[in-house]
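Visitor: This is the structure, below, for whatever I ask next.
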Amino acid sequence: MNNSGKVITALVIGAAVGAVLGVLFAPDKGSETRKRINEEGKKMSDAIKNKFNEMKEKMNAVKDDMEQQAEDFA
Numbered sequence: 078m079n080n081s082g083k084v085i086t087a088l089v090i091g092a093a094v095g096a097v098l099g100v101l102f103a104p105d106k107g108s109e110t111r112k113r114i115n116e117e118g119k120k121m122s123d124a125i126k127n128k129f130n131e132m133k134e135k136m137n138a139v140k141d142d143m144e145q146q147a148e149d150f151a
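First residue of the sequence shown? That's 78 in our numbering, and the numbers climb one at a time after it.
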């Protein structure tokens, strides 16, 4: 993984942790807090899935490029 990928991943994780901590320390009722945690968890899950899919697409593109270069070389 390159440096920009690591930075983006760290930012996503940091934002998710910050959001959860913010919800936990907010002065709301328990049911409201649980609802917010659930919503934030779904957002985090979607963000992680999107990041994984982006990285997977990049890796496939690199693989395809390498295969093409190998064919051209042979």
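Glycine included, each C-beta is placed from N, C-alpha and C at the ideal position.
Keep in mind that this is a model prediction, so the values were computed, not measured.
Beta-carbon within less than 7 Å of Thr58's beta-carbon, same chain only, minus the 5 sequence neighbours each way: which residues are those?
Guide: An answer regarding residue 58 cannot be provided, because it is not within the stretch 78 to 151 covered by the chain.
Visitor: Once the 5 residues before and after Ile114 are set aside, which same chain residues still bring their CB inside 6 Å of it?
Guide: The residue given as residue 114 occupies position 37 in the sequence shown. Excluding residues within five positions, the ones whose Cβ falls inside 6 Å are Val100.
Visitor: When DSSP labels each residue in this structure, what does Asp105 get in the three-state scheme?
Guide: Taking the first residue of the sequence shown as 1, we reach residue 105 at position 28. Looking at Asp105 - three-state DSSP - the assignment turns out to be coil, as it is neither helix nor strand.
Visitor: Please confirm if the region 86–96 is in contact with the region 133–140, defined as three or more CB-CB distances below 8 Å between the two stretches.
Guide: They do not touch, by the three-pair rule.
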